[in-house]
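Residues -19 to -1, 1 to 864 (mature numbering (1 follows the signal peptide of the UniProt record, and there is no 0)) are what the sequence shown spells out, left to right.
All residues carry an ideal CB built from backbone N, CA and C; glycine is no exception.
Right, one structure below, let's go through it.
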Amino acid sequence: MTRDVWDVLFLSFLSFLSAMPLFINTSSPYSTQRPSHARTFPINIFHLPNLRILVLSQNYNLTGTLPQTNWSSSPLVRLSLALTKFHGPIPDSVWNLTSLEYLELLDNEFTGLIPPTLGNLGRLSFLNVGGINFSGTVDFDMFARLKNLESLYLSGSLKVMLPNNRNYSFPRLKELELDLAVNLNVMLPNNGNCSFPRLKQLSLYGINLTEFPCFLRSSPELERVDISGNKISGPIPEWFGRVGSNTLTDLHLSSNNFTGEIPSSICQLSSLSDLILSDNRLNSTIPRCLGNLSNLFEMDLVGNQLQGPLPRSLANCTSLEHLSVANNEIYDAFPHWLLNANQALNSLYLDSNMFHGVINEIPLPPQLEGLSLSNNQFSGHLPIDFFRNSTGWRVDLANNNFDGPLPIPPPNVWFYSVANNKFSGDIPHQFCNATELVTLNFSCNSLTGSIPHCFINLSATVLDLRANKLIGHIPDIFFSWNYVRAIWLSQNRLEGTLPRSLANCKNLIILDLSENELEDHFPYWLDTLPFLQVLNLRSNKLRGFEIELVRILTGFMTIDFSRNFFEGEVPELIGDLKALKGLNISHNNLTGNIPSSVGNLTNLEWLDLSSNKFNGEIPRGLADLSWLGWLNLSDNQLVGPIPRSTQFDTFSHSFDGNPGLCGHPLPKACGTDDQPPPSTSPGEREEEAGSRHWIEWRAVPMGYGCGLALGISAWFIMWETLRPRWLVRMIEGLIYRTTKRKMRNVAPRNRSRGYKWEPDSVAECGQADGWRCSYWVIYDDGAFSRVHVAAETFTFASSTGRLNSPRSTEHGFEPSIERGAAQSFGEDLPTAAEDGFCLVEPSTEGDAVHSFGEKLRNTRAEDGFSMVEPSTKGGGISMFSLF
């Protein structure tokens, strides 16, 4: 008997960018034809009468449709179109392929419905219809009719009805994955009459489950369970540790609301490799019996309320490579005993706990690649060769009390942060050998000497040396810094001119050289930087005010040139800076009228022109800027009536020091020569203005003081703004995509988390009803994340997408508070140092601050509230001042 040569066709993992292979014409088994379009799959292939297997998966450029043909007699047993661009409705004939055993349509562009006739595919053993925009609702009963089904994958926008009062039996099902964005009913059957006797892998990620799936009692062969990203509350069931006690290898329960202790029955899971319990509310101590899990590869307990010391029994987990207990309340010394006993440990995350004491044993073992000790109470000298044998790529020692010289970094390090410590001395030249560095943060220490010229060998993305005691010139080293996004050198004693090699930093977004002693003219040559959006030159000795100003700043969002020696008039072209959100050119020698084109800056949120020599009248267009939330025109030579608007009426001190101004909110009425008695002398007013400037422009930037240096989270939150709604959209373009949760080459705290946002898109922020956006950017083991804060509802949408009481300064906030909202927000706020709310800068109305302050009045500076500078109305300030 002759077999048809075309009963099997495998074309997966190809790239159809040129002519496709020759295919047999269905009318004659020996004639051939070539398709006319290289990336459209020829429809006649589906008519091959003896075709049994057709695999086209992972041809990302391949498009086509499924034909309306009679397949009821087709011998097709396997059809895989995953990760292609097939589109259109799925014809009914597909659901009549009674011989079909394997159907994979993952991530295509199909539309339409999944009809109930799917249940007629009685031989089907594998079904994956995830990531498709199907319409309508699918009843889970339909899948229960597929008695031969072994693998079922449903994901994306598919709406699945999961009734709780049905009895389901899947006698052969081994793999079940539901990752659904929308569900009409997320109550899984828990009545004990459902049977999954052969289930090995279960993934119910992010489907809003509220109860633990009790049907797992009937699944003794479990190997992997992932029910993370749900809303399950209460304790982890004790019985679960007896299910799959010899087979279960992966247990993921992260990002739920589990409370109580870690049940000791989990210690009976002798084959357990991954234990992921992060982002819950588990308390008590870590069970000692976890040391019995000899096969444990990863243990992630991040973001709970675990207390006590680390159990010494963990030294018995000799296969453990990744241990993360960050964001808990663990009180212990540095676990040298664990590093000495475990030669496999690859990453150790102890950040945001209460670890303490001096670390005096050296050196670290060579296999340790990731070490995070930030936000603890470690103190004393670290040996300078602490990392001598380490091959580490991540070192985070930020926010402790370490002192002495900087430890020499591992040669392969790419993230090195010692922010907010007491390190002193010169920067070791060995840092110049760390050519893989991506992030380098020395901020808020007491480092001296000059910036090493050998930094020319680096090509970091973030360089943060602010708030030290560095002296000398900024070396001209940036010739090959092609990837740098942010440079902070502020609050040092640097002098000389700006290095012209900065013009080579083509991807630079943020440049902060403020509060130094630089002497130069305005750097018009920065017009070569197409992405530069934040430029801070405040408090230097810069001169001039080139006409090129507008030409180079048209894409800027925030500008601070305050406290320099700029002079001359501001050109009318300033109105062309359409993207501008904040402008501070105060304390210079600028003259002339305030350009009327300032009224064209419709996105402007804060403006400071104080302490110059501006004259003439205030442009009427300023009063029409609807987003303007802060204004300072004080101490100039302005004259005439103050334009009337609701916003201007609230700027009570914004016009002081201009004797020629009149009208509300000043006591001097227009049309009269009566002068109210001055409340302060000019010298006092200047002193007061200087003080006010210090509060308003130093308290506003999140991350500017030494109370907030959180890796890249602080580095990207440096702006001089009050309520920067615009920044959310700006950061959208900077966010790196997070890696898959199960990739083992990513740090453990990144693998176990889901990422979903409220609203779904950052671009929607400020558009959805009930939302006004604040921002935060979190460095999370190689990925940027976002936090949204809802002003009305105060849902804290962290990287887990739910109301969360964050346990570290990674989760800072800068809300914009509307009337009455502070009360409910305050009720959810933690008040301890490790909770990490390093800055509160609310904008409030009425007596909302009263409730807000009442809740937080016992906090101290060391609790992380580094600065509080409310903008208030009414009598709320008295309570808020309890800080």
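- Annotation: the continuous beta strand (DSSP E) that includes Trp611 extends over 611 to 613.
- In this chain, the beta strand (DSSP E) harbouring Asn517 covers 515 to 517.
- Assigned with DSSP and collapsed to three states, Leu263 falls in strand.
- Distances from the CA of Val58 to each of Ile188, Phe423, Gly103 were compared; the closest alpha carbon is that of Gly103.
- In this structure, the beta-carbon distance from Ser136 to Gly100 does not fall below 7 Å.
- Nearest neighbour of Asp508 by Cα position, chosen from Asn485, Ser495, Lys559, turns out to be Asn485.
- Between Phe177 and Ser199, the gap from beta carbon to beta carbon is short of 7 Å.
- Assignment of beta-bridge partners to Ser305 by DSSP yields Asp281, Tyr330.
- Taken through DSSP and simplified to helix, strand or coil, Pro97 comes out as helix.
- Proximity to Asn25 across Gln49, Arg375, Ile213 peaks at Gln49, based on C-alpha coordinates.
- Nearest neighbour of Leu108 by Cα position, chosen from Arg33, Glu90, Leu159, turns out to be Leu159.
- In this structure, the straight-line span from the alpha carbon of Gln618 to that of Asp541 is close to 22 Å.
- Here the C-alpha atom of Ala415 lies approximately 12 Å from the C-alpha atom of Arg375.
- In this structure, the CA atom of Cys425 is about 23 Å from the CA atom of Phe459.
- Less than 7 Å separates the beta-carbon of Gly222 from that of Ser246.
- Boundaries around His337 are those of the beta strand (DSSP E), 337 to 339, since no alpha helix (DSSP H) includes it.
- Scanning Gly641, Ile623, Ile217, Pro646 for the CA closest to the CA of His634 turns up Pro646.
- In the displayed model, Ser371 falls within coil according to three-state DSSP, outside both helix and strand.
- Residue pairing by DSSP puts Ile468 in a beta bridge opposite Leu444, Leu492.
- Between the alpha carbons of Lys140 and Pro97 lies a distance of about 14 Å.
- Per DSSP, the continuous beta strand (DSSP E) segment holding Phe404 begins and ends at 403 to 406.
- Taking 7 Å as the cut-off, the beta carbon of Glu496 is found no closer than this to the beta carbon of Gln514.
- Cβ-Cβ separation between Leu582 and Leu606: approximately 7 Å, consistent with a contact (criterion under 8 Å).
- Annotation: the continuous beta strand (DSSP E) that includes Leu642 extends over 641 to 643.
- In the DSSP assignment, Met538 falls outside any beta strand (DSSP E) and carries neither an H nor an E.
- If you draw a 10 Å sphere on the C-beta of Asp630, you find fewer than 16 other C-beta atoms in it, and that means exposed.
- With a contact defined as Cβ atoms closer than 8 Å, Val579 and Gly597 miss out at about 12 Å.
- Val620 and Ala400 have their C-alpha atoms roughly 47 Å apart.
- Counting only residues of its own chain and dropping the five nearest sequence neighbours on each side, His362 has a CB closer than 7 Å to the CB of Asp384, Gly385.
- Here DSSP, grouped into helix, strand and coil, assigns Leu523 to coil.
- Secondary structure of Gln249 (DSSP, three-state): helix.
- Going by DSSP, Trp587 is part of the beta strand (DSSP E) stretching over 587 to 589.
- Burial of Gly351 is indicated by the presence of at least 16 other C-beta atoms within 10 angstroms of its C-beta.
- Residue pairing by DSSP puts Phe91 in a beta bridge opposite Gly69.
- Taking C-alpha positions only, Glu550 is separated from Arg474 by approximately 30 Å.
- Ranking Pro201, Asn189, Asn264 by CA distance to the CA of Ile217 puts Asn264 first.
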